[in-house]
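Peer 1: Mapping to the working numbering: the sequence shown position 178 is 190, numbers consecutive.
Provided herewith is a single structure, encoded as structure tokens, for subsequent inquiry.
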Amino acid sequence: MAVRREHGFKPFDKMHPLAQAIMKGWKERSPSDSLILSPDLELMGRQSVNDLIGTNMGQRYLTFLKESLDGKLPGFGEDTSEPLNSDTVLNSLKVVLNDVRTSQEILNIFRTPEPGYQDYTVIEIDATTFENGGVLTIDISVGHAEAAGSFDLFHGDAELPTEGAPRNAIVSAWGVPPGGTERITHLFDRGQHFKLGATGDWFGKKGQVNAFVAKISVEPNQALE
């Protein structure tokens, strides 16, 4: 690997938004997939080349394109490949932690809103099993696209703002730059739900997209004797 780097080799960046969309859409053991992506890098359709082999390939591919543009999501409901890291969950919007699984890593994206507004990707965190509370830790890594990220932790019953500063956030990490990392910690005294809101910061260009990895873990408090 060191020799390859000396010759200009760059490792695959699985946190780039385009890479994430491709990883979500590819089909295991398929030699080639056609993926239709929206301008926001959301999957609109997937077609495996193995399923096209045979008669009327052109017509079937045209049907695939039309169904994708019509919002019918062709090719979904089938098995997709596992994430590159089997411990990382792609596009998860809910994390459930318990005594067996005290940590989970997710990979998702955020978008940059208009300055003064919020456009959250919301991750629900279920830590209700920890009756005596504990320390919630969220280790955040931002991808290498242009957008910087801001991350706000809320109580589970909180209403997330759509504009203005998130004054009801428990704790925040703002302006995490591309390729940057940050840690959020929160001490809680009983089992409860939380929400993690991820969005682009107000200094970026509206509509910019970046990926992020969040490792969410709880170190439980010990029960009183």
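Idealized CB from N, CA, C, for every residue including glycine.
It should be emphasised that the depicted structure is a prediction, and the values quoted were computed from it without experimental measurement.
Where residue 209 and residue 86 are concerned, what is the direct C-alpha to C-alpha distance, given to the nearest angstrom?
Peer 2: Your numbering for residue 209 matches position 197 in the sequence shown. Your numbering for residue 86 matches position 74 in the sequence shown. In a straight line, the C-alpha of residue 209 is about 30 Å away from that of residue 86.
Peer 1: Judging by CA-CA distance, which residue of 82, 83, 60 is the nearest neighbour of residue 73?
Peer 2: Taking the sequence shown and counting its residues from 1, the one referred to as residue 73 is at position 61. Cα-wise, what sits closest to residue 73 is 60.
Peer 1: Between the C-alpha atoms of residue 178 and residue 226, what's the straight-line distance to the nearest angstrom?
Peer 2: Working through the sequence shown from its first residue, we reach residue 178 at position 166. Working through the sequence shown from its first residue, we reach residue 226 at position 214. Cα-Cα distance, rounded: 20 Å.
Peer 1: Leaving out the 5 sequence neighbours to the left and right, which residues in its chain are closer than 7 Å to residue 129 when beta-carbon positions are compared?
Peer 2: Position 117 of the sequence shown, counted from the start, is the residue given in the question as residue 129. Correct list, in chain order: 174, 175.
Peer 1: Exposed or buried, residue 50, counting other C-beta atoms within 10 Å across all chains shown (16 or more means buried)?
Peer 2: The count along the sequence shown starts at 1 and reaches residue 50 at position 38. Residue 50 should be labelled exposed.
Peer 1: Ordered along the chain, which non-local residues of its own chain (more than five positions away) have a Cβ less than 7 Å from that of residue 181?
Peer 2: What you label residue 181 is simply residue 169 of the sequence shown in a count that begins at 1. Excluding residues within five positions, the ones whose Cβ falls inside 7 Å are 164, 165, 166.
Peer 1: Entirely within the segment 153-231 and at least 3 residues each: give me those beta strand (DSSP E) ranges in chain order.
Peer 2: Segments of the beta strand (DSSP E) lying fully in the segment 153-231: 161-167, 183-188, 193-200, 204-212.
Peer 1: Which stretch, first to last residue, makes up the beta strand (DSSP E) that contains residue 106?
Peer 2: Residue mapping note: residue 106 aligns to position 94 of the sequence shown, counting from 1. Where residue 106 is concerned, the enclosing beta strand (DSSP E) stretches over 106-108.
Peer 1: Would you kindly work out how many angstroms separate the C-alpha atoms of residue 150 and residue 107, rounded to a whole number?
Peer 2: For the purposes of this step, residue 150 is identified with residue 138 of the sequence shown, where counting begins at 1. For the purposes of this step, residue 107 is identified with residue 95 of the sequence shown, where counting begins at 1. Going by the C-alpha atoms only, they are around 12 Å apart.
Peer 1: Here's the rule: buried if 16 or more other CB atoms are within 10 angstroms of the residue's CB, otherwise exposed. What is residue 142?
Peer 2: Within the sequence shown, residue 142 is the residue found at index 130, counting from 1. When all chains shown are included, residue 142 counts as buried.
Peer 1: Checking the sheet assignment: what are the DSSP bridge partners for residue 147?
Peer 2: Here residue 147 refers to the residue found at position 135 when the sequence shown is read from its first residue. Answer is 199, 231, bridged to residue 147.
Peer 1: Taking the Cβ atom as the reference point for each residue, do residue 139 and residue 234 lie within a distance shorter than 9 Å?
Peer 2: Working through the sequence shown from its first residue, we reach residue 139 at position 127. Working through the sequence shown from its first residue, we reach residue 234 at position 222. Not a contact, by the Cβ cut-off of 9 Å.
Peer 1: Helix, strand or coil for residue 129 per DSSP?
Peer 2: The residue given as residue 129 occupies position 117 in the sequence shown. The answer is strand: DSSP assigns residue 129 an E or B state.
Peer 1: When you compare the CB positions of residue 232 and residue 168, do they come within less than 9 Å of one another, or not?
Peer 2: Here residue 232 corresponds to residue number 220 of the sequence shown, with the count starting at 1. Here residue 168 corresponds to residue number 156 of the sequence shown, with the count starting at 1. Cβ atoms of residue 232 and residue 168: not closer than 9 Å.
Peer 1: Quick one: what's residue 122 bridged to in DSSP?
Peer 2: As a first step, residue 122 is located in the sequence shown; it is residue number 110 there, counting from the start. Answer by DSSP bridge pairing, in chain order: 222.
Peer 1: Nearest-angstrom Cα distance between residue 219 and residue 212?
Peer 2: Translated into the one-based positions of the sequence shown, residue 219 becomes position 207. Translated into the one-based positions of the sequence shown, residue 212 becomes position 200. One C-alpha to the other measures close to 9 Å.
Peer 1: Excluding five sequence neighbours on each side, which residues of the same chain lie with their C-beta closer than 6 Å to the C-beta of residue 133?
Peer 2: By 1-based counting over the sequence shown, the position of residue 133 is 121. These residues qualify, in order along the chain: 120, 122, 210.
Peer 1: Assuming the contact rule is C-beta atoms closer than 8 Å, residue 154 and residue 191 should be a hit. Round their C-beta distance to whole Å, please.
Peer 2: The residue labelled residue 154 in the question sits at position 142 within the sequence shown. The residue labelled residue 191 in the question sits at position 179 within the sequence shown. At roughly 7 Å, the Cβ-Cβ gap stays under 8 Å, so residue 154 and residue 191 are in contact.
Peer 1: On the criterion of 16 or more Cβ atoms from any shown chain inside 10 Å, does residue 207 qualify as buried, or is it exposed?
Peer 2: Looking up residue 207 in the sequence shown gives position 195. Classification of residue 207: buried, given that the 10 Å Cβ count is 16 or more.
Peer 1: So residue 224 and residue 152 are supposed to be a Cβ contact under 8 Å. How far apart are they, rounded?
Peer 2: On the sequence shown, position 212 is the one that residue 224 refers to. On the sequence shown, position 140 is the one that residue 152 refers to. Right, their Cβ atoms sit about 6 Å apart.
Peer 1: Any idea what DSSP makes of residue 70, helix, strand or coil?
Peer 2: Here the question's residue 70 lines up with position 58 in the sequence shown. Residue 70: helix per DSSP, three-state reduction.
Peer 1: At the level of alpha carbons, what is the spacing between residue 194 and residue 124?
Peer 2: Within the sequence shown, numbered from 1, the residue matching residue 194 stands at position 182. Within the sequence shown, numbered from 1, the residue matching residue 124 stands at position 112. If I take the Cα positions, the gap works out to 18 Å.
Peer 1: Quick one: is residue 71 buried, meaning 16 or more other Cβ sit within 10 Å of its Cβ, or exposed?
Peer 2: Here residue 71 refers to the residue found at position 59 of the sequence shown. Exposed, because fewer than 16 other Cβ atoms sit within 10 Å of the Cβ of residue 71.
Peer 1: So for residue 85, helix, strand or coil by DSSP?
Peer 2: Numbered from 1 along the sequence shown, position 73 holds the residue referred to as residue 85. In this structure, residue 85 counts as coil in the three-state DSSP scheme.
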